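J.:
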Amino acid sequence: MEYTLMHKNIPVLDIELDEATGSVQKLGTVHRIEHLPLGTVDRHGIVDRTALNTWWIDRCIPASRSGIRQALEALNISAPQLLLTRCFGLSLSDQYWVRPQGNDLQWEKINFFDNPFSEDIGDVLLGKASKTTGFDFRSPDNTSDGYLKKRWKIIDGKRCLLKAGSNPFMQQPFNEVIASLVAERLGIPHVPYTLLWDDGVPYSVCEDFITPDTELVSAWRVMQSMKKGNSISVYQHYLNCCEALGVSSIRHAVDQMIVLDYLIANEDRHQNNFGLVRDANTLEWLGAAPIFDSGSSLGYDKLPGQILSGQGVECKPFKKTHTEQLKLVSTFDWVDFERFAGSEQEIRTVLDQAGEYLDTARKDAILTAYASRLERLMELSQMQVKEDKLGEDVEQDIAQNYERSHMDLI
């Protein structure tokens, strides 16, 4: 089918989508090249169909999503990317969408920021659907990423994301709340999370930090805006890309993220869950996005002994270990360690809400390991070591793996 890629009400590019796979098959007239998604235009000013297709498919639910196979069967859909056009490709993370050619639809009438949306897809994705036919596909859940079960819901007029954890500990929702508390102690911009229980299952809840006039551009997309030299580290490449885009003071925001991720032992800060925010109307860059999506932390999938030892903790997005990643921090002068007084008890209060999911030994291990990292951070802050070893760079970023899992389906 033939569509026009839209940016709010601005026609950007005519495209043809394959009805069987949902992929971008052909490119047509370019209307506003400056409004194309970042990283989809090559250095000669030509639209890169492969890059655009990657961006488009990356909007869909990943094949790694928990329960996605059962959900697709219930919806009678063969692949998640075929859900995209059912909701015009609309998202609650940016203002892009596709309009069928010959149609006069306007963004104001269909966007999910200002208009209600169906809960059918969210129900199916969480395994709570009460019907088997007649689904309303107008939902931002069609364009949600990540491997955990999640859904968007309008709560008191606000667009909120509900996200579950993974068996057997279901720890991620509690970790999101704890990450918010630690970020607050650090005094860094972050998305606040709360807990919600539904049918005995815990979910983290956060309000959408993107508005009808802003959009999130992932670090992955930012790093596609320039070619990375072999002698340039992943970290430096990200800083270089931000500088080239005119985003100032990004180094401090990255410092803050690295310190938070060390304290909570975050294992999944891949390049799709941090980035920049820009004005969707003027394309002006507004700065770093607030910290979000920190649930895969605090030994979420490990046994108490492993949590205490700290062995096997993965690190992203720049270095292989948190110790090496901390060496990228330009200064710790902004960290006020006095603000951490009482933080352990505050964390225990959150963990105590987990009931049967977390036993005493597990909670004690989480707290002991956290206290040890906090103490170590205090020591490191007194003997600053600034180093960016190219040999310690991450070998492959999981955001790229997500894209490959999408592409395997087409």
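Start counting the sequence shown at 0; every next residue gets the next number (numbering that gives the first Met the number 0). Beta carbons: idealized from backbone N, C-alpha and C, even for Gly. The structure displayed is predicted, hence computed values, not measured ones.
Assign residue 296 to one of three DSSP states: helix, strand, or coil.
T.: DSSP places residue 296 outside both helix and strand once states are collapsed to three, so it counts as coil.
J.: Is residue 210 near residue 111, with beta carbons less than 8 Å apart?
T.: no
J.: Is DSSP giving residue 367 helix, strand or coil here?
T.: helix
J.: Could you please give the first and the last residue of the uninterrupted alpha helix (DSSP H) stretch that includes residue 157?
T.: Taken as a continuous stretch (DSSP letters only), residue 157 belongs to no alpha helix (DSSP H), being part of the beta strand (DSSP E) at 157 to 162.
J.: Whose C-beta lies closer than 8 Å to the C-beta of residue 343 among residues of the same chain, with five residues either side of it excluded?
T.: 366, 369 and 370
J.: If we ignore side chains and look at the alpha-carbon of each, how far apart do residue 413 and residue 325 end up?
T.: Coverage of the chain is limited to positions 0 through 409, which leaves residue 413 absent and any answer about it impossible.
J.: Going straight from the alpha carbon of residue 93 to that of residue 213, what length do you get?
T.: 7 Å
J.: Determine the DSSP secondary structure at residue 377, reduced to helix, strand or coil.
T.: Correct three-state label for residue 377: helix.
J.: To the nearest angstrom, how far is the alpha carbon of residue 220 from that of residue 208?
T.: 19 Å
J.: Please return the same chain residues whose Cβ sits closer than 6 Å to the Cβ of residue 320, not counting the five positions on each side in sequence.
T.: 314
J.: Just grab the DSSP bridge partners of residue 2 for me.
T.: 14 and 99
J.: For residue 88, which option in 3, 24 and 184 has the closest C-alpha, if you only look at C-alpha atoms?
T.: 3
J.: Identify which residue in 272, 167 and 238 has its Cα closest to the Cα of residue 357.
T.: It is 167 whose Cα lies nearest to the Cα of residue 357.
J.: By how many angstroms is the C-alpha of residue 298 removed from the C-alpha of residue 308?
T.: 10 Å
J.: So, are the CB atoms of residue 91 and residue 158 less than 8 Å apart?
T.: Their beta carbons are under 8 Å apart, which means residue 91 touches residue 158 by this criterion.
J.: Could you have a look at residue 79 and say whether DSSP puts it in helix, strand or coil?
T.: helix
J.: Determine the direct distance from the alpha carbon of residue 206 to that of residue 374, and round the result to whole angstroms.
T.: 32 Å
J.: Would you give the residue range spanned by the alpha helix (DSSP H) that residue 172 belongs to?
T.: 171 to 185
J.: Let me make sure I understand the geometry here. Which of 21, 258, 130 and 24 has the alpha-carbon closest to that of residue 328?
T.: 258
J.: Within a Cβ cutoff of 7 Å, which residues of the same chain sit near residue 293, ignoring the five residues on either side of it in sequence?
T.: 174, 175, 178, 263 and 265
J.: Under a three-way DSSP split, which group does residue 240 fall into?
T.: helix
J.: Would residue 401 be called buried (16 or more neighbouring beta carbons within 10 Å of its own) or exposed?
T.: Caution applies to residue 401, whose pLDDT of 42 falls short of 50 and renders its modelled position unreliable; the model cannot decide the point.
J.: Bridge partners for residue 189 per DSSP, in chain order?
T.: 290
J.: Note down the Cα distance separating residue 46 from residue 386, rounded to an integer number of angstroms.
T.: 37 Å
J.: With DSSP collapsed to three states, give me the class of residue 154.
T.: strand
J.: Hey, could you find the ends of the alpha helix (DSSP H) residue 274 is sitting in?
T.: Looking at the DSSP string, residue 274 is not in any alpha helix (DSSP H); the run it does join, the beta strand (DSSP E), is 274 to 278.
J.: Ignore the nearest five residues each way along the sequence and tell me which others in residue 409's own chain have a CB closer than 6 Å to its CB.
T.: In this prediction, residue 409 scores a pLDDT of 30, lower than 50, which makes its location untrustworthy; the coordinate-derived value is nonetheless stated afterwards. 20 and 22, listed in sequence order.
J.: Please report the distance separating the alpha-carbon of residue 140 from that of residue 364.
T.: 35 Å
J.: Quick one, are the C-beta atoms of residue 70 and residue 131 less than 8 Å apart?
T.: no
J.: Is the Cβ-Cβ distance between residue 25 and residue 32 less than 8 Å?
T.: no
J.: DSSP on residue 106, reduced to helix/strand/coil?
T.: helix
J.: Given this structure, state the Cα-to-Cα distance separating residue 228 from residue 323, to the nearest angstrom.
T.: 21 Å
J.: According to the Cβ coordinates, are residue 86 and residue 134 closer than 8 Å?
T.: no
J.: So the beta strand (DSSP E) residue 343 belongs to, where does it begin and stop?
T.: Counting along the chain, residue 343 sits inside no beta strand (DSSP E); it lies in the alpha helix (DSSP H) bounded by residues 342 to 350.
J.: Between the C-alpha atoms of residue 432 and residue 303, what's the straight-line distance to the nearest angstrom?
T.: Given a span of 0 to 409 for the chain in the structure shown, any question on residue 432 remains unanswerable.
J.: Output the distance between the C-alpha atoms of residue 34 and residue 8, rounded to the nearest integer angstrom.
T.: 11 Å
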